[in-house]
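First up is the structure itself, then whatever we jot down about it.
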Amino acid sequence: MMHYPKPPEENLTTLVEFVLLGFADAPRLRWFLFGLFFAIYMIILLGNGTILIITKVDPNLHTPMYYFLGNFSFLEICYVSTTLPRMLLNLATQRRNISLVACAAQMCFVLILGATECFLLAVMAYDRHVAICQPLHYPLLMNPKVCTQLVTGSWISGIPFQIGQTIQIFSVTFCGSNQINHFFCDIPPILGLACGEILVNEMMVYLGAMLFLFVPFLLILVSYSKIISTILKLPSATSRAKAFSTCSSHLAVVGLFFGSSIITYLRPKSDHSAEMDKVFSLFYTILTPMFNPIIYTLRNKDVILALKKLFCK
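According to this note's numbering, the residues represented by the sequence shown are 259 to 571, in order.
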């Protein structure tokens, strides 16, 4: 965790709101950034919304793989909507104040939805593992009931821990400064305003990162190690290429999301800086949801065909 500079403890005060500095250090780029992030938000809503619709209406996409993809696209819409609208509002109005309750609610939703994304990506990796390594048992192992249970578990499993972590973080005493050098209420900059000993809070952050980042990432690595081993044993080059193509989209999203998240929450304290935290946060909160529909449509013939049918109708 990062230690931001703290004001003297004699300046203790009861804070009722924070100020999200965001990109206040670049006032001349204010409207450029607003236009850029507004365009990105529209792309995210349109792209992920389209995938969500086609996975529901096209019978050819009523399979476990696309059921998970539809849920993932809906998750991405929810995830980005917890941070980007507030950022756009701050850029447009220059009113960066956010109440303590709103800040806590934003952090809680970001943490819960982030944990859901980690588990859902792991579930999607397991689905590919069963499809490639155990194709004969695939209809039995990935029946509709199991798929629903896996998705439901992904959505609800992180809720108790993340609510508890949010309550713990906002139960600390904050020092005089109420300025958050970030574009949303994230853990590192919030703890940077805390006074006194925060070792327990930092340990909880590391525990959460291990449970909801490292463990799903490890499961994904195990799944793909078995998948790659199975693919390499396939006799046909065409079959190997098709199997690799099926997994490449998911691997690209995994690399983008987990890479930036792990760097943000698990890199050494000495490597932390507020500006770098903002950059890495942009990757897993905004760029991953934006690239998700692009990655899944560029090389996916089933999705492209479903899109053609949708637009023709």
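Think of the CB as a built atom: it goes at the ideal place given N, C-alpha and C, for glycine as much as any other residue.
DSSP state of residue i mapped onto helix, strand, coil
i    : result
Q392 : coil
Q352 : coil
P263 : With a pLDDT of only 48 at P263, under 50, the local geometry of the prediction cannot be trusted, and no value is derived from it.
M357 : Going by the sequence as given, residue 357 is Ser instead of Met. Note: S357 maps to strand in three-state DSSP.
P284 : The residue you asked about is not Pro; residue 284 is Ala in the sequence shown. In this structure, A284 counts as coil in the three-state DSSP scheme.
C443 : coil
L476 : helix
K491 : coil
D316 : coil
N401 : coil
N269 : Only weak support is given to the placement of N269: the predicted model assigns it a pLDDT of 46, under 50, and the value that follows is read from those uncertain coordinates. Three-state DSSP puts N269 in a helix.
P551 : helix
Residue range of the unbroken alpha helix (DSSP H) whose run includes residue i
i    : result
E334 : 322 to 339
S539 : 532 to 540
S415 : Taken as a continuous stretch (DSSP letters only), S415 belongs to no alpha helix (DSSP H), as it is neither H nor E.
S503 : 495 to 524
N459 : 457 to 467
L563 : 559 to 570
Reference residue i, options the options, closest by Cα
i    : options                : result
L418 : V277, P402, T374, I552 : Before going on, a small fix: residue 418 reads as Pro here, not Leu. When each option's Cα is compared against that of P418, the closest is T374.
S539 : S519, N550, M548, P547 : S519
I425 : L369, L333, Y384, G513 : L369
F281 : H440, S412, I335, A380 : H440
K559 : G422, T351, L319       : L319
Y464 : F475, G293, Y523       : Y523
V511 : E455, I544, N436       : I544
N355 : G422, F276, Y299       : F276
L294 : L279, L349, L490       : L349
F379 : S429, F472, S435, R344 : First, the residue type needs correcting, since residue 379 is Leu and not Phe in the sequence shown. Closest option to L379, Cα to Cα, is F472.
E334 : Y299, L479, L457       : Y299
A515 : P285, T351, G372       : The question names Ala, but residue 515 is Phe in the sequence shown. Nearest C-alpha to F515: G372.
G517 : L479, L279, S357       : L479
Y384 : P474, L469, A495, I302 : P474
C405 : P343, M323, L476, T431 : M323
F549 : M462, A564, S331       : S331
I301 : F569, L563, T546       : T546
N438 : E533, V315, W289       : One point to set straight first is that residue 438 is Ile, not Asn, in the sequence displayed. Per the Cα distances, E533.
W289 : M345, P317, K314       : M345
D292 : S415, L310, L342, I521 : Here the sequence assigns Phe to residue 292, which means Asp is not the residue at that position. Checked all of S415, L310, L342, I521; the closest Cα to F292 is L342.
S412 : F432, C376, G454       : C376
I489 : D535, S503, M382       : S503
Strand pairing of residue i, partner residues [DSSP]
i    : result
I438 : L278
F432 : A452
Okay, do the stretch 496 to 512 and the stretch 551 to 566 touch, 3+ Cβ pairs below 8 Å being the bar?
-> yes
Contact between the stretch 387 to 398 and the stretch 447 to 458 (3+ Cβ pairs under 8 Å) = no
Spell out a yes or no on whether the stretch 379 to 392 and the stretch 476 to 487 are touching, meaning 3 or more CB-CB pairs, one atom from each, closer than 8 Å.
-> yes
Looking at C-beta atoms only, is the number of pairs between the stretch 312 to 331 and the stretch 355 to 366 that lie closer than 8 Å three or more?
-> no
Can we say the stretch 303 to 323 touches the stretch 333 to 348, given the rule of at least three CB pairs closer than 8 Å?
-> yes
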